[in-house]
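In the working numbering, the protein residues as written are -2 to 80.
Notes follow the structure.
Take a look at the structure:
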């Protein structure tokens, strides 16, 4: 299985959305430090929600509103750019 650029872009977009900017300040010296940190709980929740959206869309578009497992697997691979 090959990972293509759209996968990286979708995952990067979720990571960016889950990234929090942190800052600490030493008021005595006036020194401050800023860094970014990925909130893995937020990333996981967004990833799962995106997968649920795919499942819902496939269920609606599938025959009689029901999607089979193979259709769902294919839809997720296409969505995340896995070939």
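The beta carbon of each residue, even a glycine, is placed where N, CA and C say it ideally should be.
- Residue 24 carries a coil assignment under DSSP once its states are collapsed to helix, strand and coil.
- Straight-line measurement puts the Cα of residue 44 at about 33 Å from the Cα of residue 29.
- Taking C-alpha positions only, residue 32 is separated from residue 19 by approximately 5 Å.
- For residue 51, the closest of 17, 65 and 10 by C-alpha to C-alpha distance is 65.
- Judged by their CB atoms, residue 17 and residue 34 are nearer to each other than the 7 Å cut-off.
- Ranking 55, 40 and 36 by CA distance to the CA of residue 68 puts 55 first.
- Per DSSP, residue 69 is one residue of the alpha helix (DSSP H) stretching across 66 to 76.
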